[in-house]
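A short write-up of the structure that comes next.
There are 2 protein chains.
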Amino acid sequence: MMMNFVDRVLNAPKPYFPVWNLLDTDGYKITMLYYIWKYYRDVKVVFELINRDKHIPVAEVVDEWELRAALNHMLDLRLTRTEMTLINGTNVYHQRMFPDEFITFLANFRLGPYELSREGNQYHLRFPADWPYASMWEIYAMAIVMDLYFFSLERRMSRSELTEVYARAVVRHYDELRAIKANPNIMLIEGGTRRRHNYDWHKFTLEAGREILGQQLTGTSNLRLAFKYDMEWKGTSGHELQMVTNALVDDPKEKIAMQYKVCAEWQSLYGPGLRVMLPDTFMSDQFFRNAPDDLLRDWAASRQDSGDPFKYGDEIVIPEYTKRGIDPCSKIIIFSDGNKAKIMDEIERHFHGRGISRFLQGTFFTNNFGGLHPNPDACVPGLAPLTWKEVYKPFSLVCKVVEASGRPCVKLSDNPAKATGPKKAVEESLAVFGADHRVLQEVLV
Amino acid sequence: MMMNFVDRVLNAPKPYFPVWNLLDTDGYKITMLYYIWKYYRDVKVVFELINRDKHIPVAEVVDEWELRAALNHMLDLRLTRTEMTLINGTNVYHQRMFPDEFITFLANFRLGPYELSREGNQYHLRFPADWPYASMWEIYAMAIVMDLYFFSLERRMSRSELTEVYARAVVRHYDELRAIKANPNIMLIEGGTRRRHNYDWHKFTLEAGREILGQQLTGTSNLRLAFKYDMEWKGTSGHELQMVTNALVDDPKEKIAMQYKVCAEWQSLYGPGLRVMLPDTFMSDQFFRNAPDDLLRDWAASRQDSGDPFKYGDEIVIPEYTKRGIDPCSKIIIFSDGNKAKIMDEIERHFHGRGISRFLQGTFFTNNFGGLHPNPDACVPGLAPLTWKEVYKPFSLVCKVVEASGRPCVKLSDNPAKATGPKKAVEESLAVFGADHRVLQEVLV
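These protein sequence lines map, in sequence, to chains A and B. Sequential numbering of the first sequence, starting at 1, is according to the working numbering. Sequential numbering of the second sequence, starting at 1, is according to the working numbering.
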């Protein structure tokens, strides 16, 4: 099995295609696509791939020619008949999810264009299109760049180095799974498609996870793998919904109200299982404080994606539910920010009996390769003076909407290091929403 | 590729499982299941596996222990989450096909019991259960027995014999496909699941068919392979609907009317694409003669499954449509009885411009192995004095309903050699429906 991962690198064709299937994405891109198509299909947006870690010289590692080949390949893809049947038949929350008109739209769907240029040792990769056609690029673009980055580095390794790296990665994955298993109250969703090591490794981590974790692994966010392994697919929604809609209005009061209009529109499309707030786009504190009673009462869950998870529960969510007369123990918090077994265990124990905690594990599930090279201080061939330790690790790659109808899009987040948007727009946004409760933290992935 | 077929036999485990998936069946079993579940779910029936060719000593070739293992394996199967999603999402005829209540029934579906005994050199295999649970056995039981039969014979061959047999079968399949291709008006559905050589061979024949025939291969009847190869699944309905419902009524007039009541019930469930008459259960001549105008007008097609295909068109279908003022060129005839390229070409040319002919090819697509053994006159090890020529060929295996609510079920067919039912019941049925237009023919498969 490990030899397969090694031979896979040594025998790979060039160009190498990290993604070759439109279902190979997070399911939430499809639920968001329906929302976007329904309410905002004509809004022109720009998505942009952003490497937050400038020490990682992506453009020196990944061939531009090979990256273009992988991106061009995506432009040719359509959803197949069987894939359409699967989407059409999906009713995980006990109702038919998508109307025929949207199914027809999906059957004809193809991705919008991309724009790629090189700036120093980074790529500048943008997706300007009507929102539905740009949005769908998010996961594909990230998975392609992350996979090509690792793959291009691994091509510089010897068979022996590869064998050791993959053996260590297998051991680390099992260790992590057993550590999760040790606390049977940790309920986990695998959500690591976007920054995975590669598709075959993703499959391996999920198979091992099913075997070790059993019922503790409640699903995967990846549509293709959910169907392949007969698992439930799980998804919430992403920041883009708040970021785009907020850029469309000017008045501060409208901006605050828009956060909840999005929720109301979403609720008109989806049942209870998909009603998960994502409050940190403009900071969770104000989101909860300003939220209408019925939103807090009717929605089952919120997702914590930045800032301090303990403060999120102790100082924002539990007090606000309590103040409104809602039992926090009837509500779920999905923690999705850089999870590892240790922090999940601490969070689960901390909130045990005071709220329902659930976890989404991404990069540390599907790409836990940091520090695995056996000669960490050796220079990487062709990249000297950079060493393996400095470059052979997952990094903080995101694909975010940066512009909507010609206006800048902003995400404040509960951690200023995770904020996105031009400085002036971020400051204007802070003036609207306030700046309390943001905690500067190191961003791991 | 050919070596795979050979090694597959030489390295096979014992017991060998020919079918291990509930979707590995003809789609018409699911459309019929919905009909049966909707209208007749409590009718107690008995299905029976019948080998019409008593020269084929099935019970001497196939181990009872291995047959039981394969049948027992089916009892454990359920439709998986992904398979349910596929069925739920199926809308090939541009409408959602199945209501939620039936989907829930399917999600909990498991096969009814079987009864197996040996009588001389034949097996007696029966499925007594409520109609839905017995009906679904049809394809699985046939595919299991046919596959185990060939597999058990091939275990007696040498590597060299197997290599030659499979190479010849590959060549024959391509020859047949090219002969079909030579007449681009032949439009074909693959429908050979029930008597296929084995699952892997079935996949090969379908892949080759797609490559050679292109658009001339319009679909497959097999649900699992349709989804696997992203093909359209095609299906009509089987004789059981007429046979069971007819056994439930006594009065001759009611028996005649019941044929059309079934059609009306079917029409209430399915759109135009699935409205295909199967008139030969009680002989096509009387079916067309007695049919109400709106049935002939509204239903797009009929299926010819026994008797003389030329007389079916020339003396029954075309005259009756014409007499009712319906243009025969607007109607489809699906010829499904023992098709090979030569006869399909003759039929297509014969009816060209006078009606629309379509073809369903079964056994000669997926199990065209008759006469392929390189030493036809040698005795089969363990079966002397029987020779390869006598036993190594597909044979006329059917799985038919024989009893409904304690009454015998009858099929007259347009060829007396294909009639099923006890002699007395057949005679009574002939008295009701008449005996004209039946032509005794050799039954090939």
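Idealized CB from N, CA, C, for every residue including glycine. Owing to the predicted nature of the structure, the values given are computational and were not obtained by experimental measurement.
- Taken atom to atom, the span from the alpha-carbon of D285/A to that of I139/A is near 28 angstroms.
- With a cutoff of 8 angstroms on beta-carbon distance, I180/A and Q216/A are scored as near each other.
- If you check each beta-carbon in the stretch 78-98 of chain B against every beta-carbon of chain A, the ones closer than 9 angstroms belong to T80, R81, T82, E83, M84, T85, L86, I87, N88, G89, T90, N91, V92, H94, Q95, R96.
- At least one C-beta of chain B is nearer than 8 angstroms to the C-beta of D230/A.
- By the Cβ rule, the stretch 127-141 of chain A does not count as touching the stretch 157-165 of chain A, because fewer than three pairs are nearer than 8 angstroms.
- The C-beta of F109/A comes no closer than 8 angstroms to any C-beta of chain B.
- Between R195/A and P18/A, the C-beta spacing is not below 8 angstroms.
- Annotation: S135/A is outside any beta strand (DSSP E); the continuous alpha helix (DSSP H) that includes it extends over 131-135.
- The stretch 47-61 of chain A makes contact with the stretch 381-393 of chain A, as at least three CB pairs between them are under 8 angstroms.
- The C-alpha of G89/A is placed about 7 angstroms away from the C-alpha of I87/B.
- In this structure, M258/B is the residue among I343/B, M258/B, K418/B, N11/B with its C-alpha nearest to the C-alpha of Q242/B.
- The closest CA to that of I212/B, considering only G238/B, W388/B, M231/B, A182/B, is found on A182/B.
- DSSP lists I189/B as the bridge partner or partners of L360/B.
- When the beta-carbon positions are compared, I50/A and V398/A come within less than 8 angstroms of each other.
- Using a C-beta cut-off of 8 angstroms, the stretch 260-271 of chain B makes no contact with the stretch 300-309 of chain B, since fewer than three inter-stretch Cβ pairs fall below that distance.
- By the neighbour-count criterion, in which a residue is buried when 16 or more other Cβ atoms sit within 10 angstroms of its Cβ, A341/B is buried.
- According to the DSSP secondary-structure assignment, S302/A is paired through a beta bridge with M277/A, I333/A.
- Counting only residues of its own chain and dropping the five nearest sequence neighbours on each side, L188/A has a CB closer than 7 angstroms to the CB of I180, L213, Q216, L217, T218, F359, Q361.
- Residue burial annotation: L75/A is exposed, with fewer than 16 other C-beta atoms found within 10 angstroms of its C-beta.
- Neighbours of F227/B in chain A, taken as residues whose beta carbon is under 8 angstroms from its own, are T82, T85 in chain order.
- Here K411/A carries a strand assignment [DSSP, helix/strand/coil].
- F102/B: member of the alpha helix (DSSP H) spanning 100-107, first to last residue.
- Ranking A264/B, I343/B, I334/B, F288/B by CA distance to the CA of V317/B puts F288/B first.
- Bounds of the alpha helix (DSSP H) holding F288/B are 284-290.
- Listed in chain order, the non-local C-beta contacts of L22/A below 6 angstroms within the same chain comprise L77, L79, local neighbours out to five positions each way being set aside.
- Where A435/A is concerned, there is no enclosing alpha helix (DSSP H), because DSSP gives it neither an H nor an E.
- Between the stretch 318-331 of chain A and the stretch 103-115 of chain A, the count of Cβ pairs shorter than 8 angstroms is below three; the stretches do not touch.
- Its chain contains F102, F105, P132 as the residues whose beta carbon lies nearer than 8 angstroms to that of W37/B, once the 5 sequence neighbours on both sides are disregarded; these appear in chain order.
- According to the DSSP secondary-structure assignment, R126/A is paired through a beta bridge with E48/A, E115/A.
- In its own chain, leaving out the 5 sequence neighbours on each side, no residue places its CB closer than 6 angstroms to the CB of A431/B.
- Its chain contains F287, F288, S302 as the residues whose beta carbon lies nearer than 7 angstroms to that of P279/B, once the 5 sequence neighbours on both sides are disregarded; these appear in chain order.
- Annotated as proximal: Y321/B and L296/B, with beta-carbon spacing under 8 angstroms.
- Residues L23 of the same chain have their beta carbon placed closer than 6 angstroms to that of E83/A, with the five preceding and five following residues left out of the count.
- For the pair V6/B and R156/B, the Cα-to-Cα distance works out to about 12 angstroms.
- E232/B carries a coil assignment under DSSP once its states are collapsed to helix, strand and coil.
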